[in-house]
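Colleague: Numbering (the numbering used here), first residue to last: 5 to 110.
(1) Between the segment 37-48 and the segment 21-28, do at least 3 Cβ pairs fall closer than 8 Å?
(2) Which stretch, first to last residue, makes up the beta strand (DSSP E) that contains residue 44?
(3) Taking the alpha helix (DSSP H) that residue 71 falls in, what are its first and last residues?
(4) Suppose the cutoff is 7 Å on Cβ atoms and the five residues either side in sequence are ignored; what does the same chain contact list for residue 42 look like?
(5) Let me check one thing: in DSSP terms, what residues is residue 29 bridge-paired to?
(6) Out of curiosity, what's the CA-to-CA distance linking residue 18 and residue 38?
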């Protein structure tokens with residue numbers, strides 16, 4: 005991951021900045037001199053959402069009864085059911101309309 009530096013004229017409120025830290029681990033690798041190699045990752049320290057108490061959020065899930073009724077109807081009408089997954093999750097809430105900062109492509 006490559007991080008872009010912000011231009012000097014760009015200002016971000018301090019409550020919108022995410023706290024990060026480097027996590028360094030040592031892996032055993034017989035191919036490396038000394039038998040170890042370092043692996044570093046940049047991680048978010050903890051989830052920090054300044055709008056957590058002001059934005060409405062929800063995660064709708066079907067009850068077991070609703071799921072079984074759905075499957076019953078699809079079987080009765082000989083319909084096909086497919087299951088899918090997303091590569092990344094969707095953030096909760098409506099959002100603020102602000103353009104988010106992102107990591108650089110590279």
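We put the CB at the ideal spot given by N, CA and C, even for glycine. Keep in mind the model is a prediction, meaning the values are calculated, not measured.
Modeller: According to the structure data:
(1) yes
(2) 40-48
(3) 68-80
(4) 28 and 30
(5) 43
(6) 43 Å
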